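Below is one structure, written out as structure tokens, with a few remarks after it.
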Amino acid sequence: MAVEAIGSTARVKVAPWNDPVIRGWVFQIVVVGLVGALFWFLISNTIDNLQRQKIASGFHYLEREAGFEIGDTMIPYSPASTYARAIWVGILNTLRVAVLGIIISTVFGTLIGVGRLSRNWLLAKICEWYVEAFRNVPLLLWLFLIYKMISEAFPGPRQAIRLLWDSVFLSNRGLYFPIPMGDPIHKWMAVGLFVGLAAALVIKRWAKARQDATGQPFPTFRVGTAVTLGVPFVVWLLGGAPHRMSWPELTGFNFTGGMVIQPEFTALLVGLVLYTSAFIAEIVRSGILAINKGQSEAAAAIGLTRGQEMRLILLPQAMRVIVPPLTSQYLNITKNSSLAIAIGYPDLVAAVNVTINQTGQAIENILLIMAAYLTVSLSISAFMNWYNKRLALKER
Amino acid sequence: MAAAARDLSNTPSVIELRVVNKWYGQFHVLSDINLDVKEGEKIVICGPSGSGKSTLIRCINRLEEHQAGDIVVHGVTLSNDVKNIEAIRREVGMVFQSFNLFPHLTILENLTLAPIWVKKMPKKDAEEIGMALLERVRIPEQANKYPGQLSGGQQQRVAIARALAMRPKIMLFDEPTSALDPEMVKEVLDVMIELAGEGMTMLVVTHEMGFARAVADRVIFMDRGEIVEQNQPELFFANPQNERTKLFLGQILHH
Amino acid sequence: MTDAAQTGPAHGVGGRPQLAPPKLETGVLGWMHHNLFSSWANGVTTIVLIVATVSFLSSFLDWAVVRATWTAASGAECRGGGACWALIHEKYRYIFFGSFPYEQQWRPLFACLAMIAMLLISSDRRTWNWRLLAIWTVGSFITFLLMFGQLHFPFVLFLIIALVGGGGGMAIRSRVAESGELNAYRIAAAIGLVGVVLRLTGILPPFGITIAPFSYVETGSWGGLPVTLILATYGLAFAFPFGILLALGRRSNLPLIKGLSVGFIELIRGVPLISLLIMASVMLPLFLPSGSNIDKFLRAQVAVILFAGAYIAEIVRGGLQSLPKGQFEAADAMALNYVQKTALIILPQALRVVIPPLINTFIGFFKDTSLVLIIGIFDFLNTANSALVDPAWAGFPAEVYLFAALVYFIFCFSMSRYSKYLEIELNKGTRR
Chain A
1 MAVEAIGSTA RVKVAPWNDP VIRGWVFQIV VVGLVGALFW FLISNTIDNL
51 QRQKIASGFH YLEREAGFEI GDTMIPYSPA STYARAIWVG ILNTLRVAVL
101 GIIISTVFGT LIGVGRLSRN WLLAKICEWY VEAFRNVPLL LWLFLIYKMI
151 SEAFPGPRQA IRLLWDSVFL SNRGLYFPIP MGDPIHKWMA VGLFVGLAAA
201 LVIKRWAKAR QDATGQPFPT FRVGTAVTLG VPFVVWLLGG APHRMSWPEL
251 TGFNFTGGMV IQPEFTALLV GLVLYTSAFI AEIVRSGILA INKGQSEAAA
301 AIGLTRGQEM RLILLPQAMR VIVPPLTSQY LNITKNSSLA IAIGYPDLVA
351 AVNVTINQTG QAIENILLIM AAYLTVSLSI SAFMNWYNKR LALKER
Chain B
397 MAAAARDLSN TPSVIELRVV NKWYGQFHVL SDINLDVKEG EKIVICGPSG
447 SGKSTLIRCI NRLEEHQAGD IVVHGVTLSN DVKNIEAIRR EVGMVFQSFN
497 LFPHLTILEN LTLAPIWVKK MPKKDAEEIG MALLERVRIP EQANKYPGQL
547 SGGQQQRVAI ARALAMRPKI MLFDEPTSAL DPEMVKEVLD VMIELAGEGM
597 TMLVVTHEMG FARAVADRVI FMDRGEIVEQ NQPELFFANP QNERTKLFLG
647 QILHH
Chain C
652 MTDAAQTGPA HGVGGRPQLA PPKLETGVLG WMHHNLFSSW ANGVTTIVLI
702 VATVSFLSSF LDWAVVRATW TAASGAECRG GGACWALIHE KYRYIFFGSF
752 PYEQQWRPLF ACLAMIAMLL ISSDRRTWNW RLLAIWTVGS FITFLLMFGQ
802 LHFPFVLFLI IALVGGGGGM AIRSRVAESG ELNAYRIAAA IGLVGVVLRL
852 TGILPPFGIT IAPFSYVETG SWGGLPVTLI LATYGLAFAF PFGILLALGR
902 RSNLPLIKGL SVGFIELIRG VPLISLLIMA SVMLPLFLPS GSNIDKFLRA
952 QVAVILFAGA YIAEIVRGGL QSLPKGQFEA ADAMALNYVQ KTALIILPQA
1002 LRVVIPPLIN TFIGFFKDTS LVLIIGIFDF LNTANSALVD PAWAGFPAEV
1052 YLFAALVYFI FCFSMSRYSK YLEIELNKGT RR
């Protein structure tokens, strides 16, 4: 018997308007065409308007003198600096608050998340109320409240609160404290810090190998920390232990000298940390709850201590559930730092806003903002995605 | 084939339960339990669900707390003292109904985790022990796979090996085959029967009556938190004394 | 081994009386023992927390209640060192309704009530069908009539509705409807299409219907709670279908569509809402033909819609991904076209799954509307903030902010409780 070939090579004639491939392309071309037409409409209007209002184009304005003051800068800046430098100051300020915010809120949020799971009912309830209070009120409102409290609760510089035998001053202009004067030894201390870190990593590897070989555990964390901090300290001693400090002094209406943490930065950082910690607490809590209870029981049954159980069994598994939403929260901190403009902290958006007002070149500046935030967001996402893949469980 | 009745009256007791009581809230889940387990004895505990049989063995290694009475394991009294609990858990191994293997570690790492971190054994020694155990449960080739890649029967055999890695004197089994597909039950029971033959003290909560007949020194029937009846397997199955025991056996023995 | 004294008689025991648990294990004492004082560390923590909480609460209540002033003529009269709630008493109308004409403030009040009613009705599962569209149309009509005072409906609007309704009807009901119904859709779509084209090319003159029961209040005078509610509610209402389209686009096999969707979503999600708001307020006038003046409120609303759309798209995409492939295959096997498959089979299931995260998104956007403060729109936070500017009442920021926080809290907390309730309800049918 002849077997009929399935899927015979004779191609059936399909009318073009019924062919799904052609349909697909027609649909796409129509949509892209519509979108393209929209863009063309917007762009031609924009060119028209720019010409009419005699607004310049291009990024040449970045080399012009900025002409405005920035109150809180990490690098030297003056009104005579360029716009490019002003924007760079903004970027550094944003990074400063974002990085610190991420680190502190991760720690604080984890503590609160674990606190919510505590056996102590009071502790668990207080953590729960904290989370509910901060999650249900806008961040901007908390920022206003904290900033107003800082700037109105603290007295003026003349009546500043003096701490630590008149060396630290707390006023509504910020927290002034003494800082060591610049000295060549500091560069070497920084080198020493890296050397210490490297040494700590080497010690960690050696300790693991030793445990594998002999079974003896080693207090890696404590020794590693001691080495990381000890090497710069030894360098400092060898350099003659220079201890000339720059002391803050009241000159006129404000302090000079020393180093300052300004109320705007403080309010923004405190607000961001308190707000985001509430969300991170929930994420950590769900991560730990997501782990099957049997894992704890099995760990206990083979004799692991609570600490070992947490470290070796629970946390590695919880990380899987925690990392993706944690990534979103890190991105949120970075984006929420843009609220700085509402309380006067000179971050990227604030700096660019002044630039737009002065140059009128809205488009280039907005593109700058978006490029900067997109770079940071995509970097954080990429890093966390890589970390997430590393954690994935292998299944059938 | 039934095990010959052994005379264990002169062997020492390794587990003693005296007037043990436990409540969940108002619900009395263990009621005046008295039990003496001799060294090398194999006890099968059966009963309807909710009878407290799992709770009973989970109290022995402190996965559950009892509120009244004494539990003594190898001379160590079980209390809130963490040192006592740790000492007891080193001597007692447990196999769970849902295996509870650690999914983020390889099979070999699952086995060597406790010896390395609790007994402070060098890694090589721990791995030798681990591989030997995997040979014993007949899946040495799976050593570097992850639990998610194994079948249920293989996972449970690994769980048995993991418990044995700490060289316990007593092994507790909480319905070890209840979560397995029927065709995998035999491979796990075979391992347990071999273990019994080597002289391990075993407390097994199970419905597998064939296993009880083959290996057990004693079968205990629990219902509503009490030990209702206990006897040697042949006598227990052939001649149950209590009405409740008869009812239960009638329900589960259907061949 | 059958020693009766050790193991009990071999023939078992009858029903023993049930003993009561020991005193320290049950009741209030038992609960306290377990939860507060189960160990030394626990007990110490409890005592420290009790002391801290009591001292904090007592000083807070002292400030907020005991020494507070409830009515006063001006800030100077708020003495006693306590909270000056008189400020709220004096300014609550401004905080809630902004600079809406004073005598007409019943209008924004009822507009808020209408929106809250719409949201409450939408939360009842019995309305999750075509009735929802009717409820929202009526509710929106009432809301905007109250806020604007006068509404003008250009004829083009009805033409567009005819076009969309006809086209959608054709796509979904093809093969199911009788030829009479299908013809109705075709005619509607044709009229709509022809009318829109004629209007765009200027052949058809503009005319429409005007309804004008009250005095006209422009959006610049809107303020307070209605602004927050409108921005959040309509932001989400329009972002919802937009987000669904984006999610479907992102999952599509057509590369250009997928690329456009992915690009839009990642771009919007990577930048802060503030930058979009600034862009909308500063750049939109550049994008449009000179002379066209887009209402500032509308600009903010559009920015919120675009922003929300990207986030909703990701949530819906998660829901779509969670559906087993078998659903898509079964729909294909029944010869449903793409629109029917998506509208009748896929979306109803996917959306049910993502409702709790959608509500969380709504809560998030309700809070995010406070950012429009930056571009000068008077939402609830902005009016509260502005209430502090009055020199007669200067110096009481905590009272105003705490009051505003309380209002936000009430809204957001209720919504999050409802979302948790919904999650439990919706999971009752599924096996967990």
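Going down the list, the sequences are from chains A, B and C.
Heads up: the first sequence at position 215 corresponds to 215 in my numbering, and the numbers run straight through without jumps.
Just so we're on the same page, my numbering is the position in the second sequence counted from 1, plus 396.
Just so we're on the same page, my numbering is the position in the third sequence counted from 1, plus 651.
Ideal Cβ positions, reconstructed from N, Cα and C, are used throughout, including at glycine.
Quick caveat, the model's predicted, so the values are computed rather than measured.
Check: Length of the line joining the Cα atoms of residue 282/A and residue 510/B; Outcome: 31 Å
Check: Rounded Cβ spacing between residue 141/A and residue 1052/C (contact assumed at less than 8 Å); Outcome: 6 Å
Check: Segment contact flag, the region 224-231 of chain A with the region 193-200 of chain A, C-beta cutoff 8 Å, min 3 pairs; Outcome: yes
Check: Exposure of residue 101/A, with buried meaning 16 or more beta-carbon neighbours within 10 Å; Outcome: buried
Check: Cut-off 6 Å between Cβ atoms - residues of its own chain near residue 334/A, not counting five sequence neighbours on either side; Outcome: 98 and 376
Check: Under the three-state DSSP convention, the category residue 405/B falls into; Outcome: coil
Check: Test: residue 3/A CB closer than 8 Å to a CB of chain C; Outcome: With a pLDDT of 49 at residue 3/A, under the threshold of 50, the predicted position of this residue should be treated as unreliable, though the coordinate-derived value follows. No, because no Cβ of chain C sits closer than 8 Å to the Cβ of residue 3/A.
Check: DSSP-derived helix/strand/coil call for residue 243/A; Outcome: coil
Check: Min CB distance residue 397/B to chain C below 8 Å; Outcome: Below a pLDDT of 50, predicted positions are generally treated as unreliable, and residue 397/B, at 43, falls in that range; the measurement from the model is reported next regardless. No, residue 397/B lies away from the interface with chain C (no Cβ there is under 8 Å from its Cβ).
Check: Coil, strand or helix - residue 119/A by DSSP; Outcome: coil
Check: Chain B contacts from the region 285-297 of chain A (Cβ-Cβ distance under 8 Å); Outcome: 292, 294, 295 and 297
Check: Stretch-stretch touch, CB-based, cutoff 8 Å, three pairs: the region 759-770 of chain C with the region 890-907 of chain C; Outcome: no
Check: Contact set between the region 499-513 of chain B and chain A, restricted to residues whose Cβ is under 8 Å from the partner; Outcome: 499, 500, 509, 510, 512 and 513
Check: Within the region 859-930 of chain C, ranges of the alpha helix (DSSP H) (whole runs, at least 4 residues); Outcome: 876-901 and 906-921
Check: Residues within the region 553-571 of chain B neighbouring chain A, beta-carbon criterion of under 9 Å; Outcome: 555, 558, 559, 561, 562 and 568
Check: The region 273-290 of chain A / the region 107-124 of chain A touching (three or more Cβ pairs under 8 Å); Outcome: yes
Check: Buried versus exposed call for residue 500/B [16 or more other C-beta atoms within 10 Å across all chains shown]; Outcome: buried
Check: Below-8 Å beta-carbon distance, residue 764/C vs any chain A residue; Outcome: no
Check: Partner residues on chain B for residue 670/C, Cβ-Cβ distance less than 9 Å; Outcome: 417, 419, 424, 427, 428 and 464
Check: Sub-8 Å separation of residue 554/B and residue 476/B beta-carbons; Outcome: no
Check: Closer than 8 Å to chain B by CB, residue 324/A; Outcome: no
Check: Whole-angstrom distance between residue 342/A and residue 243/A, CA atom to CA atom; Outcome: 39 Å
Check: Sequence ranges, beta strand (DSSP E) only - wholly within the region 764-842 of chain C, length at least 3; Outcome: 802-805
Check: Secondary structure of residue 566/B, DSSP reduced to three states; Outcome: strand
Check: 8 Å Cβ cut-off: residues of chain D touching residue 933/C; Outcome: The structure shown contains no chain D; the protein chains it does contain are A, B and C.
Check: Length of the line joining the Cα atoms of residue 454/B and residue 460/B; Outcome: 6 Å
Check: Contacting positions in the region 205-221 of chain A - beta carbon closer than 8 Å to chain B; Outcome: 211, 212, 213, 214, 215, 216 and 217
Check: Min CB distance residue 398/A to chain B below 8 Å; Outcome: This structure cannot settle anything about residue 398/A, because the visible part of chain A is limited to 1 through 396.
Check: Nonlocal neighbours in the same chain, by C-beta distance under 8 Å from residue 664/C, ignoring five residues either side; Outcome: Residue placement at residue 664/C cannot be trusted, given a pLDDT of 44 that sits under 50; the coordinates are not used to answer.
Check: Spatial distance of residue 35/A from residue 1012/C (CA atoms); Outcome: 28 Å
Check: Length-filtered (4 minimum) alpha helix (DSSP H) runs lying within the region 76-118 of chain A; Outcome: 83-116
Check: CB contact check: residue 438/B to chain A, cutoff 8 Å; Outcome: no
Check: Cut-off 8 Å between Cβ atoms - residues of its own chain near residue 381/A, not counting five sequence neighbours on either side; Outcome: 327 and 331
Check: As assigned by DSSP and simplified to three states, the class of residue 221/A; Outcome: helix
Check: Contact check, residue 982/C vs residue 966/C, beta carbons under 8 Å; Outcome: no
Check: Any chain A beta carbon closer than 8 Å to residue 1052/C; Outcome: yes
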